[in-house]
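Written out below as structure tokens is the structure these notes cover.
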Amino acid sequence: MYQDILVLDHRAADPAAQLMPVARLSDASLGVDASCVGLLILSIFYEYFFVWNPVTREKAPLRVICGFWFLGFYPHRPTGEYRLLLSRERTLMDEDLIPGARDTCYIFALGCDLSRCIGWPLSERPPCSDTPVLVRSCLHWTPVQHQSGGGMITVFDTTAESFRRMRAPIVPNRDYRSRVDPCLFEMDGTLGMYNCNDGELRCVDIWVLQDYKREVWKLRCKVELPMAEIRLKFDGCEHWSVMAAPEEGNVLVLVHGDRWLLHVDTKGKPRASFHRDGQALKASRHMIRQSLVRHDFFPKLAGYVSNASSII
Numbered sequence: 018m019y020q021d022i023l024v025l026d027h028r029a030a031d032p033a034a035q036l037m038p039v040a041r042l043s044d045a046s047l048g049v050d051a052s053c054v055g056l057l058i059l060s061i062f063y064e065y066f067f068v069w070n071p072v073t074r075e076k077a078p079l080r081v082i083c084g085f086w087f088l089g090f091y092p093h094r095p096t097g098e099y100r101l102l103l104s105r106e107r108t109l110m111d112e113d114l115i116p117g118a119r120d121t122c123y124i125f126a127l128g129c130d131l132s133r134c135i136g137w138p139l140s141e142r143p144p145c146s147d148t149p150v151l152v153r154s155c156l157h158w159t160p161v162q163h164q165s166g167g168g169m170i171t172v173f174d175t176t177a178e179s180f181r182r183m184r185a186p187i188v189p190n191r192d193y194r195s196r197v198d199p200c201l202f203e204m205d206g207t208l209g210m211y212n213c214n215d216g217e218l219r220c221v222d223i224w225v226l227q228d229y230k231r232e233v234w235k236l237r238c239k240v241e242l243p244m245a246e247i248r249l250k251f252d253g254c255e256h257w258s259v260m261a262a263p264e265e266g267n268v269l270v271l272v273h274g275d276r277w278l279l280h281v282d283t284k285g286k287p288r289a290s291f292h293r294d295g296q297a298l299k300a301s302r303h304m305i306r307q308s309l310v311r312h313d314f315f316p317k318l319a320g321y322v323s324n325a326s327s328i329i
């Protein structure tokens, strides 16, 4: 059974055009791991990777990164290259193949077979399952919240290609029943973070990094979710969740579950809803900007296909 990759464009004038398919997956084990400008990185069971431009329909396998955990995907401005940040996969990678400590990171430039080890200077690696947020040419990973309610954000400077840490907002202790972990997102050129502390998902806190250099956070708003509307739309579905997304100086809260996606503004009012018959909706925090640019690295990759089918 096919699965569609859908792009949500809330700026489209026609509501019917806001949720549009860009590709179709022929294998249920395929998934999207990263996005950068108009490019997507997909994988099968996080082992076999592909780079894909859904607009130009260029596609190529990334065989060189088999055996690594995927951490990030970014443009390297000094060289114009698109690069992957990876860490050693403990169970698949043989120490004899690539000598060195297992807790270390590597950088691969697309179109190049060589990797560069940059070590791992921090005590904790960013979670491989988390989607980093690119702000000010830096990748940011959502922090693991401590009992005090605070935490440290892991930051990777994509120009200097080095790690550092910055403070996260201090939020109330999370209710153990909550199905939503704190998550970062890009908001007006800086970082935002959404958080839900109650097990019923009735309220979402939106934080904004008011001063990036001084690491000063501010609680921007509390969004009371329209519970009656959600229960009506989702028709008894208990497994639903929320996420936040930027909207031209404002914030949209997306409530998703089963076959429904609901837009809610910061006042808690429903803006739009989407329904998919016969196919469950699973929201992702990946952002993509469509691009017609044909990158030089594609023909350098073995197995490159131009004008490939939209069915992957």
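So for the sequence shown, this note's numbering puts the first residue at 18; every next one is plus one. Every residue, glycine too, gets a C-beta built ideally from N, C-alpha and C.
I'd like to know whether the C-beta atoms of Leu88 and Leu79 end up nearer to each other than 8 Å.
Working through the sequence shown from its first residue, we reach residue 88 at position 71. Working through the sequence shown from its first residue, we reach residue 79 at position 62. For Leu88 and Leu79, no; Cβs fall outside 8 Å.
Mind checking which residues open and close the alpha helix (DSSP H) that includes Ile247?
What you label residue 247 is simply residue 230 of the sequence shown in a count that begins at 1. Where Ile247 is concerned, the enclosing alpha helix (DSSP H) starts and stops at Met244 to Phe251.
Please state whether DSSP places Phe90 in a helix, a strand or coil.
Within the sequence shown, the letter at position 73 stands for residue 90. Of the three classes helix, strand and coil, the one that applies to Phe90 here is strand, per DSSP.
Inspect the beta-carbon positions of Pro38 and Leu56 and report whether they are closer than 8 Å.
For the purposes of this step, residue 38 is taken as residue 21 along the sequence shown, with counting starting at 1. For the purposes of this step, residue 56 is taken as residue 39 along the sequence shown, with counting starting at 1. No. Outside cutoff.
What would DSSP say about Ile187, mapped onto helix, strand or coil?
By 1-based counting over the sequence shown, the position of residue 187 is 170. The answer is coil: DSSP assigns Ile187 none of H, G, I, E or B.
Could you check if Met204 is buried or exposed, using at least 16 other CB atoms within 10 Å of its CB as the buried criterion?
Residue 204 sits at position 187 when you count from the first residue of the sequence shown. With 16 or more Cβ atoms within 10 Å of its Cβ, Met204 is classed as buried.
Just to confirm before moving on: does the CB-CB distance between Leu226 and Leu208 stay below 8 Å?
Here residue 226 refers to the residue found at position 209 when the sequence shown is read from its first residue. Here residue 208 refers to the residue found at position 191 when the sequence shown is read from its first residue. Yes, the Cβ-Cβ distance between Leu226 and Leu208 is below 8 Å.
So Val81 packs on Phe125, CB below 8 Å; how close in whole Å?
Taking the sequence shown and counting its residues from 1, one reaches residue 81 at position 64. Taking the sequence shown and counting its residues from 1, one reaches residue 125 at position 108. At roughly 6 Å, the Cβ-Cβ gap stays under 8 Å, so Val81 and Phe125 are in contact.
Can you name, in chain order, every residue of its own chain whose Cβ lies under 6 Å from the Cβ of Arg288, other than the five neighbours on each side?
The count along the sequence shown starts at 1 and reaches residue 288 at position 271. Contacts found: His280 and Asp282.
Whole-angstrom Cβ separation of Phe314 and Tyr99, contact assumed at under 8 Å?
Stepping through the sequence shown from its first residue, residue 314 is reached at position 297. Stepping through the sequence shown from its first residue, residue 99 is reached at position 82. Phe314 to Tyr99, Cβ: 7 Å. Contact.
Quick check on this structure: which residue in Asn212, Lys286 and Tyr229 has the alpha carbon closest to the alpha carbon of Ser258?
To locate residue 258, count along the sequence shown from 1; it is residue 241. It is Asn212.
Identify, in the order they occur along the chain, each residue of the same chain with its Cβ nearer than 7 Å to the Cβ of Asp17, setting aside the five sequence neighbours on each side.
The chain is shown from 18 up to 329; residue 17 falls before or after that span and cannot be answered.
Considering only the alpha carbon of each residue, which of Trp137, Met304 and Gln35 lies closest to Phe180?
Position 163 of the sequence shown, counted from the start, is the residue given in the question as residue 180. Looking at Trp137, Met304 and Gln35, the one whose alpha-carbon comes closest to that of Phe180 is Trp137.
With a threshold of 16 other CB atoms inside 10 Å of the CB of Ile187, please say whether the residue is buried or exposed.
Walking along the sequence shown from the start, residue 187 turns up at place 170. That one is exposed.
According to DSSP, is Ile305 helix, strand or coil?
As a first step, residue 305 is located in the sequence shown; it is residue number 288 there, counting from the start. Per DSSP, reduced to three states, the secondary structure at Ile305 is coil, with no helix or strand assignment.
Can you tell me whether Val150 is helix, strand or coil according to DSSP?
Position 133 of the sequence shown holds residue 150. Val150: strand per DSSP, three-state reduction.
For Asp147 versus Thr159, is the C-beta spacing smaller than 8 Å?
The residue you call residue 147 lines up with position 130 of the sequence shown. The residue you call residue 159 lines up with position 142 of the sequence shown. Cβ atoms of Asp147 and Thr159: closer than 8 Å.
Tell me the DSSP secondary structure of Arg293 in three-state form.
Looking up residue 293 in the sequence shown gives position 276. If DSSP states are grouped into helix, strand and coil, Arg293 belongs with coil.
What does the alpha-carbon distance come out to for the pair Pro153 and Gln35?
Residue 153 sits at position 136 when you count from the first residue of the sequence shown. Residue 35 sits at position 18 when you count from the first residue of the sequence shown. For the sequence presented, residue 153 should be read as Arg rather than Pro. When the Cα atoms are used, Arg153 and Gln35 turn out to be separated by approximately 28 Å.
Beta-carbon proximity list for Cys155, same chain, < 8 Å, skipping 5 on both sides:
Mapped onto the sequence shown, residue 155 falls at position 138. Around Cys155: Val172, Phe173, Asp174 and Thr175.
Arg105, buried or exposed, once every other Cβ within 10 Å from all chains shown has been counted against 16
Taking the sequence shown and counting its residues from 1, the one referred to as residue 105 is at position 88. Arg105 counts as buried, since at least 16 other C-beta atoms from the protein chains shown sit within 10 angstroms of its C-beta.
Spatial neighbours of Tyr19 within its chain, please: C-beta separation below 8 Å, excluding the five flanking residues on both sides.
Taking the sequence shown and counting its residues from 1, the one referred to as residue 19 is at position 2. Cβ within range, chain order: Arg41, Leu42, Ser43 and Ile328.
Whole-Å CB distance - His256 paired with Gly274, under 8 Å assumed
By one-based count along the sequence shown, residue 256 stands at place 239. By one-based count along the sequence shown, residue 274 stands at place 257. In this structure His256 is in contact with Gly274, their Cβ atoms being roughly 6 Å apart against a cut-off of 8 Å.
Decide if Ala4 is buried, meaning its Cβ has at least 16 other Cβ atoms within 10 Å, or exposed.
What the structure shows of the chain is the stretch from 18 to 329, and residue 4 is not part of that stretch, so it cannot be assessed.
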